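Structure first, then comments.
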DNA sequence: TCAAAAGTGTTGGGGGTACACCCATGT
DNA sequence: ACATGGGTGTACCCCCAACACTTTTGA
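Protein chains in written order, with the numbering used here: chain X, 1206 to 1439; chain F, 1206 to 1439.
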């Protein structure tokens, strides 16, 4: 075949995008995922990843961003293609191929707790998010694995935090994603050695113990360090 | 949308797979890619990645394997999904989304030099493979980058070599992919420390200097080491 | 005997890991 | 004063990187 036919009149699969939207609660040390409850068959009443069909006049990335904006009202967030799932029987309605994306959102800052939109939507702990519709369990598992790997060699933890954060908060994000404890002193040494954070002259407020210094991610510094071949392996 | 409509009567994009087939010549130290010359518009006469449309009754992986078998007569080779390319205008004939795969083939062993099939097919040095049809330049670039990363933390160099190979050949594969020289002693120490190779009681033949010992990849050992959490970072 | 590649050990330095105590703040 | 988390330094060890010569074989 090799793209050589100008006409391609055979039946086509449908193409969708699904988004694995990750967030963290700053206090609970848990990785969360945004799910939507289905109100139609198949899988009626079950929870599923937000997603939808790709339109002919939009790229895959645009489709993912559009769906995400529709579901979460969030724009300008970290979004990356994950994998494309194309088993023949993954959707009982017919042949639907889905291009999965994963997104990191600054839950604490922008999204009200217990956010829901017109459709029933809710944040779930990733461990509670089981028995999802379609092959979404599988997609979620792949996304968690990818996130774990990614965080090991690129500094994306900030994407899950508000613009100003403490090093302890950042460490909690990493521990949550990696599912293991990190040594506080080593973590700080490492992160600060990347030279991509600005220490602010500001400290936590409304906290009932010694207030921690706030930091901000500096993307110019990050680009500079990346040019210089810095590798951000934790 | 969210997969909630049982009917989906909107126009659908076409879905294709394209394969970046990598190989190495054992003597020339160059990474090669298999290309096919187009004999129809658009991009008539230009070289392109082998690929074709996905059928409704086969998974994406199956489609990639089928195309690969059709193009190279090879089965049972290393194949992995790369990325899905879905820019609106990537194909002038209309909306065609392509799921790209990359494959590693044991060129020296199985494929005759200068292999071609009915369509004009040929191996190109990856550096000479430019001005390809569609967005295939871009796909190739992404594949090279992925291969470079992958080889750094998973031992896939063997996939490009015949079953029996010398350590120097293996090192050449790594150097070719990574595009940098490696220290011979350190390379051998590292590779052998993974404990995934069997040293054979066999040596090179028909070589006009001291013959090197042959090794074979042992996939049981590999699985064992992987269970034990061995990481294969070079 | 020469050419060409195979094969082999050691050392120094940097970075990762492990580890414990004092400090600042609010109640 | 006490409870709670914030913040800091050091020592050891392992692994990575750098480095050069001898051996084997065929021509």
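A virtual CB, placed ideally from N, CA and C, is assigned to each residue, including glycine. Quick caveat, the model's predicted, so the values are computed rather than measured.
Scanning the segment 1259-1342 of chain X for uninterrupted beta strand (DSSP E) segments of 3 residues or longer gives 1283-1290, 1301-1309, 1326-1330, listed from N- to C-terminal end. For residue 1362/X, the CB contacts under 7 Å within the same chain, skipping 5 residues up- and downstream, are 1356, 1375, 1378, 1379 in chain order. By the criterion of a C-beta distance shorter than 8 Å, residue 1381/F is surrounded in its chain by 1229, 1234, 1235, 1236, once the five residues flanking it on both sides are discounted. Spanning the alpha carbons of residue 1225/F and residue 1384/X requires a straight line of approximately 35 Å.
The segment 1401-1410 of chain X and the segment 1254-1265 of chain X do not touch, with fewer than 3 CB-CB distances between them shorter than 8 Å. For residue 1421/F, the enclosing beta strand (DSSP E) begins and ends at 1418-1422. If you draw a straight line from the Cα of residue 1266/F to the Cα of residue 1303/F, it is about 13 Å long.
Taking C-beta separations shorter than 7 Å and ignoring five residues to either side along the sequence, the partners of residue 1248/F in its chain run 1338, 1339, following chain order. Residue 1242/X: member of the beta strand (DSSP E) spanning 1236-1242, first to last residue.
At a C-beta separation below 9 Å, residue 1361/F has no neighbours in chain X, since its nearest C-beta there lies roughly 16 Å away.
Within chain F, the residues 1261 have their CB atoms less than 8 Å from the CB of residue 1300/X, given in chain order. For the segment 1227-1253 of chain X, residues whose beta-carbon sits nearer than 9 Å to a beta-carbon of chain F comprise 1241, 1243, 1244, 1245, 1246, 1247, 1248, 1253. Fully contained in the segment 1339-1397 of chain X are the following alpha helix (DSSP H) runs of length 4 or more, in chain order: 1341-1358, 1372-1383. Residue 1288/X places its beta carbon less than 8 Å from that of residue 1347/X. The C-beta of residue 1291/F comes closer than 8 Å to at least one C-beta of chain X. At least one CB atom of chain X sits nearer than 8 Å to the CB of residue 1218/F. Beta-carbon to beta-carbon, residue 1334/F and residue 1306/F are separated by about 17 Å, too far to satisfy the 8 Å threshold. The straight-line gap separating the alpha-carbon atoms of residue 1253/F and residue 1344/F is approximately 10 Å. For residue 1365/X, same chain residues with a beta-carbon under 6 Å away, outside a window of 5 residues either side, are 1229, 1309, 1378 in chain order. Taking a Cβ-Cβ threshold of 8 Å, none of the residues of chain X is close to residue 1432/F; the smallest such distance is about 17 Å. Taking all protein chains shown into account, residue 1216/F has fewer than 16 neighbouring C-beta atoms within 10 Å of its C-beta and is therefore exposed.
Taking residue 1407/F as reference, the option from 1395/F, 1414/F, 1370/F, 1360/F with the minimal CA-CA separation is 1370/F. Residue 1311/X is a Cβ neighbour of residue 1367/X, given a cutoff of 8 Å. Annotation for residue 1407/X: the continuous beta strand (DSSP E) segment containing it runs 1402-1408. Less than 8 Å separates the beta-carbon of residue 1276/F from that of residue 1326/F.
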